[in-house]
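S.K.:
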Amino acid sequence: MATQNVAAPTAVSEASAAIIKPIYMDDEAPKFLSNSVLASFHEPLKNLCNTAEELSNCQEQWIERFENENQRLRSIENQLKQIRETFIKLPIYTEKLQNMKKDMQLLNTQVEKLSKRAVRLHNAKLKKEEKEVLEKQRKTQKEKQLHATVAPELLKNETKQ
Numbered sequence: 463m464a465t466q467n468v469a470a471p472t473a474v475s476e477a478s479a480a481i482i483k484p485i486y487m488d489d490e491a492p493k494f495l496s497n498s499v500l501a502s503f504h505e506p507l508k509n510l511c512n513t514a515e516e517l518s519n520c521q522e523q524w525i526e527r528f529e530n531e532n533q534r535l536r537s538i539e540n541q542l543k544q545i546r547e548t549f550i551k552l553p554i555y556t557e558k559l560q561n562m563k564k565d566m567q568l569l570n571t572q573v574e575k576l577s578k579r580a581v582r583l584h585n586a587k588l589k590k591e592e593k594e595v596l597e598k599q600r601k602t603q604k605e606k607q608l609h610a611t612v613a614p615e616l617l618k619n620e621t622k623q
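Per the working numbering, the sequence shown starts with residue 463, numbered consecutively.
#1: Quick check: the Cα distance between Ser498 and Glu531, rounded to an integer number of angstroms?
#2: Quick check: what's the CA-CA separation for Pro506 versus Asp489?
#3: DSSP on Asp488, reduced to helix/strand/coil?
#4: Going straight from the alpha carbon of Gln533 to that of Glu526, what length do you get?
#5: Runs of 4 residues minimum, wholly inside the stretch 555-618: which ones carry the alpha helix (DSSP H) assignment?
#6: What is the DSSP secondary structure of Lys493, reduced to helix, strand or coil?
#7: Is Lys551 helix, strand or coil when you go by DSSP?
#8: Indicate the three-state DSSP secondary structure (helix, strand or coil) for Ala514 in the structure shown.
In structure tokens form, the structure reads like this:
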């Protein structure tokens, strides 16, 4: 095994150089020391990497949630805009409905008046037809009576001649 001379740093004064003695190590010592240092930091670094990965995943989930929530809020905003537009149109439609209601009431009263007039005219027509039928019956009865009274007189006159 080869040994290596590790000298003290050059920035150290000569007085302190006499106190510091060179350390002699074999070639395996630096590898062993570096592996030991790496091993002591490996678990905490692994845990730190896992924690960072978990935080990154959580952050991605939160970002996705926030994006979904923003999208939902934009959708609600569009719906509110449509509702606002509808409420702006509401007085116009209310006025139109009121005018339609007035028109319907007017038409209803006109229909009622026309219906009453039609019934009155129908009744008048029936009365007129009844009077005509009665008048016709009276005329036929008068004619029969006239024939009945005229016929015997004619017979008498004919027999006299």
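For glycine and all other residues, C-beta sits at the position ideal for the given N, C-alpha and C.
It should be emphasised that the depicted structure is a prediction, and the values quoted were computed from it without experimental measurement.
M.R.: If we stick to the structure as given:
#1: Along the sequence shown, read from residue 1 onward, the residue named residue 498 stands at position 36. Along the sequence shown, read from residue 1 onward, the residue named residue 531 stands at position 69. So the two alpha carbons sit approximately 49 angstroms from each other.
#2: One-based indexing of the sequence shown puts residue 506 at position 44. One-based indexing of the sequence shown puts residue 489 at position 27. If you take the alpha carbons of Pro506 and Asp489, they lie about 28 angstroms apart.
#3: Taking the first residue of the sequence shown as 1, we reach residue 488 at position 26. Asp488: strand per DSSP, three-state reduction.
#4: For the purposes of this step, residue 533 is identified with residue 71 of the sequence shown, where counting begins at 1. For the purposes of this step, residue 526 is identified with residue 64 of the sequence shown, where counting begins at 1. Each residue's alpha carbon lies about 10 angstroms from the other.
#5: none
#6: Position 31 of the sequence shown, counted from the start, is the residue given in the question as residue 493. Correct three-state label for Lys493: helix.
#7: Locating residue 551 in the sequence shown gives position 89, counting from the first residue. Reduced to three states, the DSSP call for Lys551 is helix.
#8: What you label residue 514 is simply residue 52 of the sequence shown in a count that begins at 1. It is helical.
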